[in-house]
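S.K.: Take 252 as the starting number for the sequence shown in our numbering and just add one per residue. Quick one: the structure is below, and I'll ask about it shortly.
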Amino acid sequence: MIFHTIVHRVQALELLARFVDIGSWAVLEALFVGVFPYVLKLLQSGTKELRNSLAFIWAKILIVDPKCCEDLLNDEGFMYFIDIVRDRTVQPRYKIVPTFVICTLMNHHGRVAQEKFFWADLLEITMDLLNQQEVQNCKMLCVWLLVGLGKLWNNFDKARWQAVRSTHYIEVSNFLLDDVPEVRAAACMFFF
Numbered sequence: 252m253i254f255h256t257i258v259h260r261v262q263a264l265e266l267l268a269r270f271v272d273i274g275s276w277a278v279l280e281a282l283f284v285g286v287f288p289y290v291l292k293l294l295q296s297g298t299k300e301l302r303n304s305l306a307f308i309w310a311k312i313l314i315v316d317p318k319c320c321e322d323l324l325n326d327e328g329f330m331y332f333i334d335i336v337r338d339r340t341v342q343p344r345y346k347i348v349p350t351f352v353i354c355t356l357m358n359h360h361g362r363v364a365q366e367k368f369f370w371a372d373l374l375e376i377t378m379d380l381l382n383q384q385e386v387q388n389c390k391m392l393c394v395w396l397l398v399g400l401g402k403l404w405n406n407f408d409k410a411r412w413q414a415v416r417s418t419h420y421i422e423v424s425n426f427l428l429d430d431v432p433e434v435r436a437a438a439c440m441f442f443f
């Protein structure tokens with residue numbers, strides 16, 4: 252009931268995020284008591300104060316129960332995470348978790364997720380971000396953006412050809428020379 256009141260929604264989500272951070276058993280308990288429909292419905296909310304906690308909660312849910320990916324893909328809930336990543340007012344470090352969620356969706360639902368993210372323009376959004384100096388300085392975000400590109404590109408010719416036609420592969424190849432090994436490894440995913 253606390254998720255229905257606007258006044259306490261932000262605080263309740265912060266507490267839920269702290270709870271699910273305890274471990275997988277906490278995520279399962281939260282799902283068991285019926286929090287799932289509420290966090291799914293909150294993806295329709297435009298409240299920016301909810302973004303960090305809600306993205307974190309979803310990341311934890313998807314790690315513990317990958318079946319929940321279907322609900323995000325079927326109900327277009329994945330667009331919530333695309334919107335966070337696309338938003339220029341969001342600092343790069345706050346885009347890491349939503350980008351992880353996007354990668355997780357593609358990991359568990361291959362072609363279906365690839366199609367949806369392709370039509371949501373993930374390739375262009377990601378390349379725009381990777382060309383920003385502020386994003387390039389946030390190495391963990393670079394890793395997940397590059398992993399996401401690799402997942403989008405993997406055995407999916409539409410995305411491959413779009414990347415080739417727009418010469419994005421040249422831009423990604425610059426990350427093969429990055430000073431952080433994880434970034435270099437993630438860039439390799441784009442090519443294999």
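All residues carry an ideal CB built from backbone N, CA and C; glycine is no exception. Quantities reported herein were computed from a predicted structural model and do not represent experimental measurements.
Starting from residue 439, trace the alpha helix (DSSP H) in both directions and tell me its first and last residue.
M.R.: That run of the alpha helix (DSSP H) goes 432 to 442.
S.K.: Helix, strand or coil for residue 308 per DSSP?
M.R.: Helix at residue 308.
S.K.: Pop quiz: residue 322 and residue 282 are said to be a contact at Cβ under 8 Å. What is the actual Cβ separation, rounded to whole angstroms?
M.R.: Actually they do not touch by this definition, with Cβ atoms about 12 Å apart.
S.K.: Should the stretch 384 to 401 be called in touch with the stretch 340 to 359, which here means at least 3 C-beta pairs below 8 Å?
M.R.: Judged by Cβ distances under 8 Å, the stretch 384 to 401 makes contact with the stretch 340 to 359, as three or more pairs qualify.
S.K.: Under a Cβ-count criterion, where at least 16 other Cβ atoms within 10 Å of its own Cβ denotes burial, should residue 383 be classed as buried or exposed?
M.R.: Counting Cβ neighbours within 10 Å, residue 383 comes out exposed, since fewer than 16 surround it.
S.K.: Answer yes if the stretch 371 to 380 comes into contact with the stretch 326 to 342, meaning at least three C-beta pairs across the two stretches below 8 Å, and no otherwise.
M.R.: Yes, the stretch 326 to 342 touches the stretch 371 to 380.
S.K.: Counting only runs that start and end within the stretch 378 to 412, where is the alpha helix (DSSP H) found for 4 or more residues in a row?
M.R.: You should have 384 to 387 and 390 to 404.
S.K.: Looking at the C-beta of residue 393, does it have a partner C-beta in chain D at a distance below 9 Å?
M.R.: No chain D appears in this structure, which consists of one protein chain only.
S.K.: How many whole angstroms separate the CB atoms of residue 273 and residue 290, which I take to be in contact at a CB cut-off of 8 Å?
M.R.: Rounded, the Cβ-Cβ distance is 17 Å, inconsistent with contact.
S.K.: Closest to residue 264 by CA distance: which of 303, 386, 379 and 397 is it?
M.R.: The residue with the shortest Cα to Cα distance from residue 264 is 303.
S.K.: Hey, could you find the ends of the alpha helix (DSSP H) residue 289 is sitting in?
M.R.: It spans 287 to 292 - the alpha helix (DSSP H) in which residue 289 sits, taken as one unbroken run.
S.K.: Does the beta-carbon of residue 421 have 16 or more other beta-carbons within 10 angstroms, so that it is buried, or is it exposed?
M.R.: Burial call: exposed.
S.K.: Going by Cα to Cα distance, which pick from 287, 305 and 295 is closest to residue 319?
M.R.: With distances taken between Cα atoms, residue 319 lies closest to 287.
S.K.: Closest to residue 297 by CA distance: which of 334, 415, 279 and 427 is it?
M.R.: Per the Cα distances, 334.
S.K.: Can you find a heavy atom of the ligand FAD that lies under 8 Å from the Cβ of residue 262?
M.R.: Within the structure as shown, the ligand FAD is missing, as the structure has no ligands at all.
S.K.: Is residue 353 helix, strand or coil by DSSP?
M.R.: Three-state DSSP puts residue 353 in a helix.
S.K.: What beta strand (DSSP E) runs, 3 residues minimum, are completely inside the stretch 299 to 349?
M.R.: Here no run is fully enclosed.
S.K.: Quick check on the burial criterion: 16 or more other C-beta atoms within 10 angstroms. Buried or exposed for residue 355?
M.R.: Result: buried.
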